[in-house]
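Protein chains in written order, with our numbering: chain A, 75 to 227; chain B, 75 to 227; chain C, 75 to 227.
Heads up, the beta-carbon is just placed ideally off N, CA and C, and yes, glycines get one too.
Computed from a prediction, not measured in an experiment: that's the story for all the values here.
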Amino acid sequence: MTTETLIRAEHPLPEAEFGERYAQVQQFYSHQMQLFDAHDADRWAATFTEDAVFDVPTLDAPVRGRAGLAANVRRNRAQQERSGDQLRHWIGMLDIRPGRDDELHTRCYALVYVTPRGGTSKVLRVCVMEDVLVRVRGKWRTRHRVVTRDDLA
Amino acid sequence: MTTETLIRAEHPLPEAEFGERYAQVQQFYSHQMQLFDAHDADRWAATFTEDAVFDVPTLDAPVRGRAGLAANVRRNRAQQERSGDQLRHWIGMLDIRPGRDDELHTRCYALVYVTPRGGTSKVLRVCVMEDVLVRVRGKWRTRHRVVTRDDLA
Amino acid sequence: MTTETLIRAEHPLPEAEFGERYAQVQQFYSHQMQLFDAHDADRWAATFTEDAVFDVPTLDAPVRGRAGLAANVRRNRAQQERSGDQLRHWIGMLDIRPGRDDELHTRCYALVYVTPRGGTSKVLRVCVMEDVLVRVRGKWRTRHRVVTRDDLA
């Protein structure tokens, strides 16, 4: 528990830009997670860069690139259509560290809620998510993501 | 699960205005939900337009107008005073789409937590909330709300 | 339930400053809570003013000053290393009321999630948190905090 590496809170942006940037990142994650939960595979994959690395504990190995990301969402969709579970991914406690130019490092918490069809909702997982975001043609994209699960820590 | 209609992420606002708008909407929902959970019926109803439509699965039919909205909160208050439950409504994953002039479409997740008096807190419901917000004399108001519950989907 | 005192939503800041301020406070809490959950005692204590008052229901009496705050985190660390529990504190429904100069009053909800080592995550507590924040040499600091728990209300 004591070895967690937190990102530095300092940011070199002028005040007005920090507020704008923070809102953009919140909007970005909100849309990205809604696409994920709706199993909108291609639009979700497009929120990552072409060469993105996606390293999460539910996968055996990191996924690289949009085709692999989209395939992962299609597997989720098939699995959840069988099980009847609706997942919802929440991001919170978003700590951002603007870097050089159009790059950002983020560290946040991620919760996963599950609701079985006709059943009772519950918290499924509590995670920490660390991203490198880059801005490509005016839009934020995830270039690198590492997720760790509290239950596997 | 695959038929969910997500709102478009594109927004026509200049950068600085988007950040300002996003913060205003977060502040608006925070205050609106705190009023709701405190059963402050009239002040909560005043965060809706006079002709607002409120369509939620816990009600048999959509409520229209502030008097009906306030009456609904008073029923909640009476019911929760009997049961001893404290509810807390959380908004997250807020996706906003600024429209023409002083209008906004939002799509977000809503969680409801319940704590029985002296008891153990738990997640009660996981919902999706879609609003049309309008700005009236400088203040955001909900004109139309549709909530769906994951357990009833 | 009906006696809760909500803060006023009105704020005297110009629009662009409100958005900036709101983002700063979100960033502040995100970082503060991540430090708390990582048991980073001194850096967490440094997010409070030297003379801060910290009044939470898990402590017998309010803690005053940074040394006491840091000691409290070290006790948490020792306790959680024994139990194997990982706690995560989430802030949401953040309602801010800018005051005079570099001072802010906030009222928000706070959730605590717990994950036992190798076990199942769950909601541990639902709380309401009220802070007075001040800006010292360009950085927000908590000067006064009162937390109430829904299960003890």
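Between the C-alpha atoms of Arg-148 (chain A) and Ala-115 (chain A) there is a straight-line separation of about 6 Å.
Ala-90 (chain A) belongs to the set of residues whose beta carbon lies under 7 Å from a beta carbon in chain C. For Val-200 (chain C), the closest Cβ of chain B is nearer than 7 Å. Residues Gly-158 of the same chain have their beta carbon placed closer than 7 Å to that of Arg-191 (chain B), with the five preceding and five following residues left out of the count. Nearest in C-alpha terms to Ser-195 (chain C), of all of A:Val-186, A:Thr-194 and A:Gly-193, is A:Val-186. Secondary-structure assignment with DSSP links Thr-216 (chain C) through a beta bridge to C:Phe-122 and C:Leu-207.
Rounded to whole angstroms, the Cβ separation of Arg-217 (chain B) and Thr-132 (chain B) is 20 Å, and the two are not in contact under 8 Å. Within chain A, the residues whose beta carbon sits less than 9 Å from that of Leu-80 (chain B) are His-105, Gln-108, Leu-109, Ala-112, Asp-114 and Arg-117, listed in sequence order. In the DSSP assignment, Val-200 (chain A) is bridged to A:Leu-185.
In this structure, the alpha-carbon of Gln-153 (chain C) lies about 34 Å from that of Tyr-96 (chain C). Contact check for Cys-182 (chain B) against Leu-168 (chain B) passes: the beta carbons are separated by less than 7 Å. DSSP places Leu-80 (chain B) in the coil class of the three-state scheme, outside both helix and strand.
Residue contact with chain C for Asp-205 (chain A): absent (no Cβ-Cβ distance below 7 Å to any residue of chain C). Using a Cβ-Cβ cut-off of 7 Å, Leu-178 (chain A) does not count as an interface residue toward chain C, since no Cβ of chain C sits closer than that to its own. Contact with chain A is found for Asp-225 (chain B), since one of that chain's Cβ atoms lies less than 7 Å from the residue's Cβ. Secondary structure within the segment 120-169 of chain C: the alpha helix (DSSP H) runs of 4 or more consecutive residues, fully enclosed, are 140-157 (chain order). Under the 7 Å criterion on CB atoms, Tyr-96 (chain C) is classed as interfacial with respect to chain B. Interface criterion met: the Cβ of Arg-162 (chain A) is under 7 Å from a Cβ in chain B. For Tyr-187 (chain B), no CB of chain A lies under 7 Å from its own CB, so it is not counted at the interface with that chain. Distance from the CA atom of Asp-134 (chain C) to the CA atom of Gly-93 (chain C), rounded to whole angstroms, is 37 Å. In the three-state DSSP reduction, Leu-178 (chain C) falls in the strand class (E or B). Any Cβ of chain C closer than 7 Å to the Cβ of Ser-157 (chain B) would place that residue at the interface, and such an atom is absent. Looking at the DSSP output, Thr-222 (chain C) shares a beta bridge with C:Val-202. Excluding five sequence positions before and after Ala-119 (chain B), the CB atoms of its chain that fall closer than 6 Å to its own CB belong to Arg-140, Leu-143 and Ala-144, given in chain order.
Taking the Cα positions, Ala-184 (chain C) is about 21 Å away from Arg-117 (chain C). When the beta-carbon positions are compared, Gly-166 (chain A) and Trp-164 (chain C) come within less than 7 Å of each other. Distance between Ala-126 (chain A) and Arg-138 (chain A), taken at the CA atoms: about 6 Å. For Val-99 (chain C) and Gln-160 (chain A), the gap between their C-alpha atoms comes out near 32 Å. At a cut-off of 7 Å, the C-beta of Leu-168 (chain C) has a neighbouring C-beta in chain B.
Distance check between Phe-128 (chain A) and each of A:Glu-204, A:Arg-209 and A:Arg-211 places A:Glu-204 closest, using alpha-carbon atoms only. The three-state secondary structure of Arg-191 (chain B), taken from DSSP, is coil. Taking 7 Å as the cut-off, the Cβ atoms of Val-220 (chain A) and Cys-201 (chain A) do not count as close. By the 16-neighbour rule on beta-carbons within 10 angstroms, Asp-175 (chain B) is exposed.
If you draw a straight line from the Cα of Leu-80 (chain C) to the Cα of Asn-150 (chain B), it is about 18 Å long.
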